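So the protein sequences, as listed, match chains R and X.
Just so you know, the numbering used here puts 591 at position 399 of the first sequence, and the rest follows in order with no gaps.
Just so you know, the numbering used here puts 330 at position 138 of the second sequence, and the rest follows in order with no gaps.
Note that the Cβ used here is the ideal one computed from N, Cα and C, for glycine as well.
Keep in mind the model is a prediction, meaning the values are calculated, not measured.
There are 2 protein chains.
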Amino acid sequence: MNITVEQIAIQAREASRALAAASGAQRAKALDAMAQKLLDVKDALMAANDADVAAAKNNGVPAPFLKRLAVTEKIFAYMVKRLREAAALPDPVGRVLFGRTMPTGLKVSKISVPLGVVAIIYEARPNVTTDAAAVALKSGNAVILRGGSESLGTNRVLVKAMQEAVTEAGLPATTVQFIDSPEHSVVNELLKQDKYIDVLIPRGGKSLISAVAQNTRIPVLKHYNGICHQYVAASADLKMALDVVVNSKTERVEVCNALETLLVDEAAARSFLPMLKTAMDEKGVELRGCKRVLEILPDIVPATEADWDEEYLAPILSVRVVNGLDEAIEHIARHGSGHTDGILTTSLAEAREFTARVDSASVLVNASTRLSGGGDYGMGAVVGISTDKLHARGPVGPEELCSYKWIAEGNGNLR
Amino acid sequence: MNITVEQIAIQAREASRALAAASGAQRAKALDAMAQKLLDVKDALMAANDADVAAAKNNGVPAPFLKRLAVTEKIFAYMVKRLREAAALPDPVGRVLFGRTMPTGLKVSKISVPLGVVAIIYEARPNVTTDAAAVALKSGNAVILRGGSESLGTNRVLVKAMQEAVTEAGLPATTVQFIDSPEHSVVNELLKQDKYIDVLIPRGGKSLISAVAQNTRIPVLKHYNGICHQYVAASADLKMALDVVVNSKTERVEVCNALETLLVDEAAARSFLPMLKTAMDEKGVELRGCKRVLEILPDIVPATEADWDEEYLAPILSVRVVNGLDEAIEHIARHGSGHTDGILTTSLAEAREFTARVDSASVLVNASTRLSGGGDYGMGAVVGISTDKLHARGPVGPEELCSYKWIAEGNGNLR
């Protein structure tokens, strides 16, 4: 790298000033141009990605990792589509969040503005490179990308194409920058740039996120994974409940909004648990039950205390019988991670109580936990799902990468 | 203290659950009851405060500090009024911030909820005790107060009265707690309670705030003071500009939104600077000027480079002549603290450009910097003015002490 991380950060800060003055139309034009440039460089991109994948394979990188690294035709199409979608979304910048004329004549308004400079630290998947750039640029932020070292060649092509696109749209090339170095030390350098970077978003395992959060003064949007629950209430439609539970657990097991613990009301247990066992056996999911579950399903693995705090990210489901709504909510408060928790019920009162009292980023009623996320909430591309309560909670899209400013217009107003 | 700080934090977390289930009417009732209780215990409060002031005086505490510690009749009336005002404000909890039915039938909404547990570390002024409790309770948060050790007796009476009030309203007494110990070690204990506390708000000098932010994993809302600017544009109404500048600088000098640096357009300098000198002489404010200011006002103190980064909080004003709007904005970007900055102009284009490009929590047009704040923005009681860009920026009132949750209601929706 013939440029320091600090210089990259300074350039990003300068670019963010130009972006703050750019119109939403100009930013949308840049996003559309990015999509077009990606199509233009497709051959070069695929060749670079093939080379990255081959090198990683030679280095003995495991197969699931190689899979995440590869840009397939499907993923390429998705990358282009996400950029076009971002271009078409309403502008998150310049929204009037509040406005009032005070009795003194002072006109006060609260207007959404870009955060400034966003840095994203992530691992293999090259689609994060374009997704993150799309969300950041949509919200008027300059972005610094630090992808996995295995995807350097791929990212080099992607970022060059995106830089050409933003330049065509009249924005600084440094709107989108990436750290073109396999060295881990550059991450440490990045964490020191609190003078220039407004927010850091680490995407990856819990250890990466903790390490980042503990070693920087830059605010970090944390995206810890989820210990997600469904509670099957006594009043639940058991057929619907079964479909939702199976989908929540098995549609994809290794993701943060997959189901990890099922709570079944004692009044529903005798009917529901045998249905659950049959369905989960078919899907190859191991059940681990509390004592009361074992009374009904004696052949399954007994759950230990540790199971209730476990995020399996695997075809395992812990199951507990609870005495009603209060016990379910209490269990979630004690063992949940505040990510996504749902209830299956036909009772309006129970749905109301559960959604009011469960303190999680997403609270669902009669819906799969897999639906908690940007796409299914109509937000388009997101850079992750925040488990923080300050600033952004849940999916982080363009609106969540905004701050605001207060503007007060007077006519010589004094205090 | 016969209770540990951790126990206080656990109790606050438990109280926050009860608060999440309480209605806005119940919280408003508690706030009104607090105001009434304050009136009921007025004699005891005044006696306790007299004792605190006398003890501080004996300990040689300086006069300005004693002044902040004293609960005068005026301050007492203000404390009661703020509680009543908070009761009457619209409920910040349960606002629908966004709502949509997706094509799949999933009904998605984003609802404001309390943050949970708020801890406030502050110094002498006892009115912070009631103000902070008012803002926290209005937004459904449990609050832990750590006031200055000199005000322990006063705070003991205040907190007991507030606890009786919340109990009368059917809320846990532990909704409002304070750390009844003069030991500094309790602050260190408080900083460790990241399991139970959602946000820390330190109110005081920069060193206190930095020390807190660097020694805790709890998110901190930082309220650094301000290096505030006014820019007198060439087009400004100079008479209005003078009134606004004098008010910005002198209405109160020791506060975060007082003016510290004045930028004067070169086209206005020759007319404006002599007027400024006369007015500031009258108010006893020392001017420190750049070379170009000294050409017009040769008798004032020359400004050094360090002056542009100085927050005087004193009757001193640094003054610089700039070549137009761009140089003014550039100066503010380089030397400002992102707190409050204003322009004095009659040009719509200049006002537009300045408000768009200056990246500060409050940007003012033809108004005193002293107006940036909760009261003059119509927010009622606030717990401070945030200089962060994430979460809350500018005045922190009840809405800013809220997070949100996503609620998604389906009818068996799967992914």
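X/Ala559: member of the beta strand (DSSP E) spanning 554 to 559, first to last residue. In chain order, Pro411, Asp580, Lys581, Leu582, His583 make up the part of chain X whose C-beta sits under 9 Å from the C-beta of R/Pro411. With a threshold of 16 other beta carbon atoms within 10 Å, X/Arg292 falls short and is exposed.
Secondary structure at R/Gln385: coil, using DSSP grouped into helix, strand and coil. Between X/Leu307 and R/Ala246, the alpha-carbon positions lie close to 48 Å from each other. For X/Glu265, not one C-beta of chain R is nearer than 8 Å to its own C-beta.
For the segment 442 to 453 of chain R, the set of positions with a beta-carbon nearer than 7 Å to some beta-carbon of chain X reads Glu443 in chain order. The criterion of a C-beta distance shorter than 8 Å is not satisfied by R/Leu505 and R/Ala433. According to the DSSP assignment, R/Gly216 belongs to no beta strand (DSSP E) but to the alpha helix (DSSP H) extending over 216 to 232. Boundaries of the beta strand (DSSP E) around X/Tyr596: 594 to 605. When the Cα atoms are used, R/Gln203 and R/Thr408 turn out to be separated by approximately 20 Å. With contacts defined as CB atoms closer than 8 Å, R/Asp457 and R/Ala425 qualify as a contacting pair. Assignment of X/Ser373 by DSSP, reduced to helix, strand and coil, places it in the coil class. Within the same chain, Cβ atoms closer than 7 Å to the Cβ of R/Ile524 are found at His421, Asp533, Val550, the five residues on either side in sequence being excluded.
Contacts between X/Val391 and chain R, judged by CB atoms closer than 7 Å, involve Leu582 in chain order. For X/Trp500, not one C-beta of chain R is nearer than 8 Å to its own C-beta. X/Lys387 does not reach chain R, its nearest Cβ partner there being about 12 Å away, counting only Cβ pairs nearer than 8 Å.
Residue range 288 to 293 is occupied by the beta strand (DSSP E) that includes X/Leu289. Judged by DSSP secondary structure, R/Lys483 falls within the alpha helix (DSSP H) whose first and last residues are 483 to 488. For X/Lys475, no Cβ of chain R is located within less than 8 Å of the residue's own Cβ. The Cβ atoms of X/Ala405 and X/Val412 lie closer than 8 Å to each other. Sequence-distant partners of X/Ala255 (beyond 5 residues in either direction) whose C-beta falls short of 8 Å from its own C-beta are missing from its chain. Between the C-alpha atoms of X/Gly286 and R/Ile419 there is a straight-line separation of about 25 Å. Rounded to whole angstroms, the gap between the alpha carbons of X/Phe370 and X/Lys273 is 22 Å. Taking 8 Å as the CB threshold, X/Asp283 stays off the interface with chain R. Around R/Val436, the beta-carbon contacts reaching into chain X at under 9 Å are Gly602, Gly604, Asn605, Leu606. Residues of the segment 554 to 572 of chain X whose Cβ lies closer than 8 Å to any Cβ of chain R, in chain order: Ser554, Val555, Leu556, Val557, Asn558, Ala559, Ser560, Arg562, Leu563, Ser564, Asp568, Tyr569, Gly570. Taking 8 Å as the threshold, the shortest C-beta distance from R/Tyr270 to chain X does not fall below it. Against X/Thr547, the close residues of chain R are Ile599, in the order they occur along the chain (beta-carbon pairs closer than 7 Å).
When DSSP states are grouped into helix, strand and coil, R/Arg480 belongs to the strand group. DSSP places X/Ala584 in the coil class of the three-state scheme, outside both helix and strand.
Just measuring C-alpha positions, the residue of R/Ala262, R/Ala450, R/Ala220 sitting nearest R/Ala328 is R/Ala220. In this structure, the beta-carbon distance from X/Asp235 to R/Gly604 does not fall below 8 Å. X/Gly345 places its beta carbon 8 Å or farther from that of X/Asp224. The Cβ atoms of X/Tyr416 and X/Ile393 lie no closer than 8 Å to each other. Across the structure, R/Gln199 and R/Val378 are spaced so that their CA atoms are roughly 12 Å apart.
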